[in-house]
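In mature numbering (1 follows the signal peptide of the UniProt record, and there is no 0), the protein residues as written are -21 to -1, 1 to 285.
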Amino acid sequence: MGVAVLAAAGLLAGGAQPAAAGSALPVEYHFSTGFLKGFAAPDRAPDGANDWSCRPTAEHPRPVVLVHGTLENMNDNWGGAAPLLANAGYCVYAFDYGGAFAGAPIQGATALEGGSATLAAFVDRVLGATGASRVDLVGHSQGGMMARHYLKDRGGAGKVGRLVGLAPSNNGTTLDGITELGRQLHLLAPANDFLAGPCEACVQQEVGSDFLTALNAGGETVPGVEYTVIATRYDEVVTPYTNAFLPEGPHVTNVTVQDQCPLDATDHLEISYDPVALTDVLNALDPAHPRPVPCQVVLPVTGPLL
């Protein structure tokens, strides 16, 4: 569902200016460092993103739009993926949605329907600027699930080739069982009344919410789009972690990071910076040219040990 609020305390201003796609940009693989740099500059694109003069190549004809998670912003969520994708030759774009106001450091908190509408408008802007006929979407947490609402309910299916989700909340979360316990004790409704003010999107991502029930009714995918879900067994936010996965099918690939690398202990936060998961993103976007998936020690939140 997004980012640890504890990490937000005491942050300094940071972030990086947009850079031209394909330039040699440093790639951040540590969530803690990337988050600290980007939190206080939510209205700045992460390094490598939002070069509106970028034109897609024959090798990568679809621009990539990055969709951040709950309580994150485009800069603190994508300090690793944006420069990595730009270095690989993609036109990369990122945006903020769901904040209390434009430029708020905490985004992705308001109703998911609003985020979906913002995504729809942003994709149209990217298509208009680049001349591409479709984009690919990469979403973290809420961003990976909310993008499905855009595909299903806002006409996005004809404008998207691939959707890659990093620990997406596709089937909701029990928040380590807290919401399930509340439901059993008949305390969930008052708790939701409290949450709905500061974070309506949090309530909408609970297992069995009205939003998820409607989103998943009639099938969780739409024709014409290729789906990849990348999850971690150590996800502490989307619980159980298997709730990230979409039903198996010819156009769905579900990946568990630890099946490729048992040394990788990435959690929900680190996964958008994790070198193993980010290699999976590259391979999902360009399956015709797969890259070897690395295996190294990766710690929750703080990232690679070396």
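Just so you know, even glycine gets a beta-carbon here, dropped at the ideal spot from N, CA and C.
Where Arg104 is concerned, there is no enclosing beta strand (DSSP E), although the alpha helix (DSSP H) around it starts and stops at Leu91 to Thr109. Residue state for Pro35 is assigned as coil, using DSSP reduced to three classes. When DSSP states are grouped into helix, strand and coil, Ile250 belongs to the helix group.
With a threshold of 16 other beta carbon atoms within 10 Å, Glu38 falls short and is exposed.
Residue pairing from DSSP places Gly144 in a beta bridge opposite Gly118 and Val208. Rounded to whole angstroms, the gap between the alpha carbons of Lys138 and Ala99 is 10 Å. Per DSSP, the beta-bridge partners of Leu278 are Gly282. In the displayed model, Glu215 falls within coil according to three-state DSSP, outside both helix and strand.
DSSP places Ala61 inside the alpha helix (DSSP H), whose first and last residues are Ala60 to Asn66.
Rounded to the nearest angstrom, the gap between the Cα atoms of Tyr76 and Gly93 is 8 Å. The alpha-carbon separation between Val255 and Arg34 amounts to approximately 28 Å.
Of Ile250, Leu284 and Asn262, the smallest CA-CA separation from Trp57 is found for Ile250. Nearest Cα to Leu261 within the set Val204, Gly59 and Asp30: Gly59. Residue burial is scored here from C-beta neighbours: Ala126 has at least 16 other C-beta atoms within 10 angstroms and is therefore classed as buried. The residues Trp31, in chain order, have a CB closer than 7 Å to that of Ala108 in the same chain once the five nearest residues on each side in sequence are set aside.
Gly135 and Tyr129 have their C-alpha atoms spaced approximately 5 Å apart.
Excluding five sequence positions before and after Tyr213, the CB atoms of its chain that fall closer than 7 Å to its own CB belong to Ala244, Thr245, Asp246 and Pro279, given in chain order. A distance below 6 Å between beta-carbons, with the five flanking residues on each side excluded, links Ile85 to the following residues of its chain, in chain order: Leu50.
A distance below 6 Å between beta-carbons, with the five flanking residues on each side excluded, links Asn233 to the following residues of its chain, in chain order: Val208 and Phe224. Straight-line measurement puts the Cα of Pro147 at about 12 Å from the Cα of Leu248. Taken through DSSP and simplified to helix, strand or coil, Tyr72 comes out as strand. Taking 9 Å as the cut-off, the Cβ atoms of Phe18 and Asn54 count as close.
For Asp238, DSSP records no beta bridge to any residue. The shortest C-alpha to C-alpha distance from Arg133 to any of Leu145, Asn222 and Asp103 is the one to Asp103.
Contact check for Gly118 and Pro21: beta-carbon distance about 17 Å, past the 8 Å limit, so the pair fails to qualify. In this structure, the straight-line span from the alpha carbon of Val217 to that of Gln121 is close to 10 Å.
One Cα belongs to Pro219, the other to Thr152, and the distance between them is close to 7 Å. Short of 8 Å from the beta carbon of Ala79, and not among the five residues preceding or following it, lie these beta carbons of its own chain, in chain order: Ile85, Ala88 and Thr89. Only residues of its own chain outside the window of five on either side were considered, and among them Ala88 have a CB closer than 6 Å to the CB of Cys178, listed in chain order. If you draw a 10 Å sphere on the C-beta of Leu194, you find 16 or more other C-beta atoms in it, and that means buried. Note: Gly228 is bridge-paired with Val231 in the DSSP secondary-structure output.
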